[in-house]
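As given, the protein sequences belong to chains A and B, one line each in that order.
Numbering-wise (this note's numbering), the first sequence opens with residue 1199 and increments by one.
Numbering-wise (this note's numbering), the second sequence opens with residue 31 and increments by one.
Every residue gets a Cβ at the ideal spot worked out from N, C-alpha and C, and that includes glycine.
Following: one structure in structure tokens, then a few remarks.
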Amino acid sequence: AQSVTQPDIHITVSEGASLELRCNYSYGATPYLFWYVQSPGQGLQLLLKYFSGDTLVQGIKGFEAEFKRSQSSFNLRKPSVHWSDAAEYFCAVESYNTDKLIFGTGTRLQVFP
Amino acid sequence: SQTIHQWPATLVQPVGSPLSLECTVEGTSNPNLYWYRQAAGRGLQLLFYSVGIGQISSEVPQNLSASRPQDRQFILSSKKLLLSDSGFYLCAWSVVRGKEQYFGPGTRLTVT
């Protein structure tokens, strides 16, 4: 069965520092992968997606993610974090041959000035 | 462009009372529709999804139900709320045969 693991429950970084949020997936073929962001009390916003092709995908708000098949990973990165990036981040993978997504448990990002 | 609406934004209901949460999507036809629940500090739990009018799939047994009376309307209901029904309820849509989902602003439900 497909699954998504986000090993970091909580990450704290200083404003201006670089960021990498980890995501590992379990899937039998090339998956469709997603990163979402959720600010407190709000819905989820799609940051970026990977379907095929270039393994480095660019998203909104200056985020990027790299698909690494050999490591079954799809880590989210940002070179310089802003205080407004403080939020919860969810990685998701398609559920094979269905219209559903499987979400990780999320990583809460705190940004200190 | 497509938009998704949820109401109410917040709701406080006593145990044993009924529930009706509504979700509507604009700007697309025949979307897949989803209801998720997010308990405090927890991830997303898929409750129901629908691929068309009157077609509802339930992911977890519970005292909640869902209906899709119109193409772009998705309703989450309960006849009698439990304390454990408290949480943040999110509606989402996706294009048929597409993969990414787009989420509404959510409804905060507190059962007292």
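- Excluding sequence positions up to five before and after GLN131/B, its CB lies within less than 6 Å of the CB of ALA122 and SER124, all in the same chain and listed in chain order.
- DSSP places GLN92/B outside any beta strand (DSSP E), giving it a letter other than H or E.
- Taking a C-beta distance under 9 Å as the contact criterion, ASP101/B and SER59/B qualify as a contact pair.
- When THR1296/A, ASP1206/A, PRO1229/A and GLY1239/A are compared, the shortest CA-CA separation from TYR1248/A is found for PRO1229/A.
- Here GLN1204/A is buried. Its C-beta has 16 or more other C-beta atoms within 10 Å.
- Its chain contains SER107, SER108, LYS109, LYS110 and LEU111 as the residues whose beta carbon lies nearer than 8 Å to that of PRO48/B, once the 5 sequence neighbours on both sides are disregarded; these appear in chain order.
- Under a 10 Å Cβ-count criterion, LYS1298/A is classified as buried, with 16 or more other Cβ atoms of the shown protein chains found around its own Cβ.
- In the three-state DSSP reduction, ILE1258/A falls in the helix class (H, G or I).
- Of all residues in the region 1231-1257 of chain A, those with a C-beta nearer than 9 Å to a C-beta of chain B are PHE1232, TYR1234, GLN1236, GLY1239, GLN1240, GLY1241, LEU1242, GLN1243, LEU1244, LYS1247 and PHE1249, reading in chain order.
- In the DSSP annotation of this structure, the continuous segment of the beta strand (DSSP E) that includes ARG1306/A starts and ends at 1305-1310.
- Contacts between LYS129/B and chain A, judged by CB atoms closer than 9 Å, involve TYR1230, PHE1232, LYS1247, PHE1249, GLU1292, ASP1297 and LEU1299 in chain order.
- Inclusion of SER95/B and SER87/B in the CB contact set at 9 Å is not warranted, their separation being larger than that value.
- Nearest to LYS1276/A by C-alpha distance, out of GLN1200/A, TRP1233/A, LYS1266/A and GLU1292/A, is TRP1233/A.
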